[in-house]
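Visitor:
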Amino acid sequence: MSAAPSAPASRPDSARPDKPPPPPFVLWGSLGLIALTLVLGWDWEYGIGFSLRDIYDNLGRHNPVLEGVRNLDWSTLASPTVLAGFAETFQMAAIATILGGIVALPLALLNSVTGAPNTFVYVAVKNFNSFIRAIPDLIYAVFFVAAIGRGALPGVLALFFLSVAVIAKLTSDIVDGIDQGPVESARASGASHTQMVKTAVLPQILPGYTSFALYTFEINLRGSAVLGFVGAGGIGEVFSNYYQRGWYDRLVAVVIGFFVVVFVVDRISIAVRKRLL
Amino acid sequence: MAQTPTGGMTDAQAQQRSEAIVRPEKPFNRFRWTVTITLLTLFFVTSATVDIELTQLAALPERTLFYLGLMYTPPDVTEAPSAITAMIESLGMAWIGTMIGALVSFPLAFLAATNLFGKPVVFAARQVLNFFRSVPEIVFLILLLPVTGLSPVTVALALGISSIGTLGKLGAEVIEGIEGGPVEAAAAAGGGRLQRIRWAVIPQVIPEIVALWLYRFEINIRNSAVAGAVGAGGIGTLLVRQIGQVREWAAAGTSLAIMVIITLIVDTISGRVRRRIIRGPTRAVDLGANAGEQPEGTGPGAGPKREGPTGSVGGGAVVPV
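Protein chains in written order, with this note's numbering: chain A, 1 to 277; chain B, 278 to 598.
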C-alpha cells in the first residue's frame, strides 16, 4: 500500500517541505504499543509465549475439529437435550434482559450529570456501574453455581448482571448527550428533579434505551454459550458436554445451529430497532 | 401512558385553563403497546416455564451473603501474588488477542466501507464481519483447542478472531465518516484507489481506529475470563478453580478483588489514552468521534453526540460485548 510515489519525479527536491517529526505522543504511544505487545507476547514469566511457528506446526497435527466438520451429525440438532438447551438459553436471555433492563434504567439515569440529583449520587452510581461491569459473566455464574447449585438460575443471574452493565452503560451515554433545552425549560417552570427527569429526560432516551435492551437480548443469547461450562444452564451445557467427550461431529452441528439462531434473532432485532428509532 | 385526555392533570388552575383551550388527545402508539404487551407476556411465560426451583430462589439472598462472608471476612491475601500473575496472563491474552483482531480487521474495515468499495465487495465483507460478531468467544475457543492446545495462546487467538467482527464494523463506520476533500484531492492528483486510501483515508481514520483497538482491549480483558470455562489460564481459570472446584473462598475473595481493581485501573488508563488520541493535546473540539460500541441499527449519529465526562471512544461505551 505504501508503494505510492511520494512526490512527482519532475519536481525539484528542494521544493518539497521537510516532513515534520512525529509528535512525542504519537512516537511514545507507538513505542509503548510495540513494547506492550513484546512484553505480553514473549515467552517468559509474564508473557503468554505467542509464536506463529508453534501455531503453524500445530496445524499439521491430527485435527478432530475438521474431522467433525467432515462427518457432521445433523440429527443431533433434533435431539431432546439440544432442543431443551436452546429453549433454556432463550428463557434465560429473556428473563435476564427484562429484569436487567428494569434495573439498568435508574442506574443509567443516575450515572449522568443531568439525571443524578447530586454529585454524590452520580459518583457513587458511576463507581457501582463500573464495578458491576468489571466482573465477567462467567465469574458471576461460577459464584452463583457454587452458592445455590447448578441450573438455569445462576445463569439467569449472570446474564442479569451482564444486561445491567451493558444497558446502563449504553443508556447513560445517551443521557449525557440529550438536548438540554427540555431540561432547562422543565427546571425554569419549577419542576422538581423527578418531574424534570420524567418529562424532559425520559422521553428523549426511551427509544435508545429500548433499542439497547433488544440488543442486550442478543448479547445474552451469545453469552449463554459459555455459562453451561460451569453448570449454569442453557445451550452451553450441550457445548461443554460434547467438547469434553470430543464429539466434534455433533458439536459443530450444534454450533452451526446456534449461529443460525443468533443470526435470525439479530436480523429481527435490527428490523425492530430501526422501527423504534 | 394514560389514555384519558386529562390524565396527569392535578392543578386546579391548569384544569380551568385547559377547559378553555382544548388539550389535544394523546396519540395512541400502537407499536409501543405491542412491544410492552409482548414483553410482559414473554416475561411471564418464560418465568413460568424455566427450570428454576423456588427453593433455590428462596435461598439466594442468604447463600450469597454467606459466601461473600467467607470470601471477605477476611480475604486470604497470601494468595495475592498468584492472582496478580494470573491477571497479567489475562492481560496478555487480551492484548495479543486485540492485536490479532486489529491486524485482520484493518483491511476488512476498508472493504466494508461503502464510500470506498462497490456494493458486492461491501456486502461480502460485511457478511464476513457479521459472522465473526455472531459467534461467541467460547465457540472459537473450543474449536481451536484441539488444534493449538490448552494454552493462553489459544485463548488469545479465540479473542482475536472474535474481535475481528466488531473492530471491522466499527472501523468501517469510522471510514464512512471521513471528509471527502482529501480523497478528491488525491484523486485529482492522479492517485489510484490504493494511493487514495494510503494518503487520504488512513491519515484521517488512524487515530479513531487505534482508539477502537484500545477500547476492544478493555472488552477483551473481561472476555479473557472465557479461558476459565476450559481451564486455559489467566484469572478466569484461577477464579473458576478457587470458587467452583477447590472452594477456597478466602483466596477467591482476594483474586476477585485483584481482578476488579486491575481491570478498572487498565480501563482508566486506556480511556484517558483514547480521549487523548481522539481529541488531541490542546484542541477542545471533539473530532466528531462517535465510534463507540453501538448496536447495528442505531448507527453513528442516531443518538445525539456527546462530550460527556465518561467519554470512552468519544461517545462510545465500554461494554463487555
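The C-beta atom is built at its ideal place from N, Cα and C for all residues, glycine as well.
Please report the straight-line C-alpha distance between Y140 of chain A and A502 of chain B, rounded to a whole angstrom.
Guide: Going from the Cα of Y140 of chain A to the Cα of A502 of chain B covers about 11 Å.
Visitor: Mind checking if I365 of chain B is an interface residue toward chain A, Cβ cutoff 8 Å exclusive?
Guide: Answer yes: the Cβ-Cβ gap between I365 of chain B and chain A drops below 8 Å somewhere.
Visitor: Nearest-angstrom Cα distance between F219 of chain B and T341 of chain B?
Guide: Given that chain B is displayed from residue 278 to residue 598, the structure contains no residue 219 of chain B and the question cannot be resolved.
Visitor: Do F239 of chain A and A253 of chain A have their C-beta atoms closer together than 8 Å?
Guide: For F239 of chain A and A253 of chain A, no; Cβs fall outside 8 Å.
Visitor: Taking Y243 of chain A as part of the alpha helix (DSSP H), name the residues at either end of that continuous run.
Guide: Its alpha helix (DSSP H) spans residues 235 to 245.
Visitor: Rounded to whole angstroms, what's the CA-CA distance from E414 of chain B to L541 of chain B? Just pull it up for me.
Guide: Approximately 22 Å between the Cα atoms of the pair.
Visitor: Compare the C-beta of Q404 of chain B with all C-beta atoms of chain A and state if any pair is closer than 8 Å.
Guide: No, Q404 of chain B does not count as interfacial toward chain A.
Visitor: Just tell me which of B:S547, B:R552, B:A534 has its CA closest to the CA of I361 of chain B.
Guide: I361 of chain B has its Cα closest to that of B:A534, out of B:S547, B:R552, B:A534.
Visitor: To which residues of the same chain is P459 of chain B closer than 6 Å at the C-beta, ignoring the five residues directly before and after it?
Guide: Correct list, in chain order: A477.
Visitor: Do you know whose CA, among A:Y243, A:G177, A:G155, lies nearest V113 of chain A's CA?
Guide: The shortest C-alpha separation from V113 of chain A is found at A:G177.
Visitor: Can you confirm whether T37 of chain A, when its beta carbon is compared against all beta carbons of chain B, has any partner nearer than 8 Å?
Guide: Yes, T37 of chain A counts as interfacial toward chain B.
Visitor: Hey, would you say I377 of chain B sits closer than 8 Å to L331 of chain B, going by beta carbons?
Guide: Cβ atoms of I377 of chain B and L331 of chain B: not closer than 8 Å.
Visitor: What residues in the segment 322 to 352 of chain B bring their beta carbon closer than 8 Å to a beta carbon of chain A?
Guide: From the segment 322 to 352 of chain B, only T323, S324, T326, V327, D328, I329, E330, Q333, L334, A336, L337, R340, T341, F343, Y344 have a Cβ closer than 8 Å to chain A.
Visitor: Is it true that the CB of L105 of chain A sits closer than 8 Å to the CB of N129 of chain A?
Guide: Against a cut-off of 8 Å, the Cβ pair of L105 of chain A and N129 of chain A comes out as no contact.
Visitor: Does DSSP put H62 of chain A in a helix, in a strand, or in coil?
Guide: Coil.
Visitor: Is A504 of chain B near E356 of chain B, with beta carbons less than 8 Å apart?
Guide: The answer is no: Cβ separation not under 8 Å.
Visitor: Is it the case that the Cβ atoms of I174 of chain A and V537 of chain B are separated by a distance below 8 Å?
Guide: Against a cut-off of 8 Å, the Cβ pair of V537 of chain B and I174 of chain A comes out as no contact.
Visitor: Whose C-alpha, out of A:V142, A:I98, A:R267, is nearest the C-alpha of F320 of chain B?
Guide: Comparing Cα positions, the closest option is A:I98.
Visitor: According to DSSP, simplified to helix, strand and coil, what is R267 of chain A?
Guide: R267 of chain A falls in the helix class under three-state DSSP.
Visitor: Pick from A:T119, A:F217, A:G151: whose alpha carbon is nearest that of V261 of chain A?
Guide: Comparing Cα-Cα distances from V261 of chain A to each of A:T119, A:F217, A:G151, the minimum goes to A:F217.
Visitor: Nearest-angstrom Cα distance between G445 of chain B and I486 of chain B?
Guide: The alpha-carbon atoms of G445 of chain B and I486 of chain B are separated by roughly 10 Å.
Visitor: What residue range does the alpha helix (DSSP H) around F408 of chain B cover?
Guide: Counting along the chain, the alpha helix (DSSP H) containing F408 of chain B begins and ends at 396 to 411.
Visitor: In angstroms with no decimal places, state the Cα-to-Cα distance between V123 of chain A and A152 of chain A.
Guide: Computed Cα separation, rounded: 34 Å.
Visitor: I'd like to know if G426 of chain B contacts chain A, where contact means its C-beta is closer than 8 Å to some C-beta of that chain.
Guide: So yes, G426 of chain B belongs to the interface.
Visitor: Using a 10 Å radius around the Cβ and a threshold of 16 neighbouring Cβ atoms, would you call I314 of chain B buried or exposed?
Guide: Exposed: under 16 other Cβ atoms inside 10 Å.
Visitor: From this set, A:G233, A:R222, A:L276, which residue's C-alpha is nearest F263 of chain A's C-alpha?
Guide: The candidate whose alpha carbon is nearest that of F263 of chain A is A:R222.
Visitor: Any Cβ of chain B within less than 8 Å of the Cβ of N118 of chain A?
Guide: Not closer than 8 Å to any Cβ of chain B, the Cβ of N118 of chain A fails to qualify, so no.
Visitor: Leaving out the 5 sequence neighbours to the left and right, which residues in its chain are closer than 6 Å to I438 of chain B when beta-carbon positions are compared?
Guide: Excluding positions up to five away in sequence, the list reads F417.
Visitor: Alpha carbon to alpha carbon, how far is I329 of chain B from F143 of chain A? Give it in angstroms, no decimals.
Guide: So the alpha carbons of these two residues sit roughly 17 Å apart.
Visitor: Would you say A124 of chain A faces chain B, with C-beta separation under 8 Å as the test?
Guide: Taking Cβ atoms only, chain B never reaches closer than 8 Å to A124 of chain A, which makes this a no.
Visitor: Hey, how far is the Cα of E461 of chain B from the Cα of H193 of chain A?
Guide: Spanning the two alpha carbons is a distance of roughly 51 Å.
Visitor: What does S547 of chain B touch in chain A if you count any residue whose Cβ is under 7 Å from its own?
Guide: Correct list: empty, because the minimum Cβ distance to chain A is about 11 Å.
Visitor: Contact check, I55 of chain A vs T425 of chain B under 8 Å by CB: the rounded distance?
Guide: Yes, they are in contact, since the Cβ atoms of I55 of chain A and T425 of chain B sit about 6 Å apart, within 8 Å.
Visitor: Quick one: measure Cβ to Cβ for A232 of chain A and A186 of chain A, integer angstroms, because I've assumed they're closer than 8 Å.
Guide: At roughly 44 Å, the Cβ-Cβ gap does not stay under 8 Å, so A232 of chain A and A186 of chain A are not in contact.
Visitor: First and last residue of the alpha helix (DSSP H) that includes V432 of chain B?
Guide: Unbroken alpha helix (DSSP H) run through V432 of chain B: 429 to 453.
Visitor: Could you check where the alpha helix (DSSP H) with R309 of chain B kicks off and where it finishes?
Guide: Segment 307 to 326, the alpha helix (DSSP H) holding R309 of chain B.
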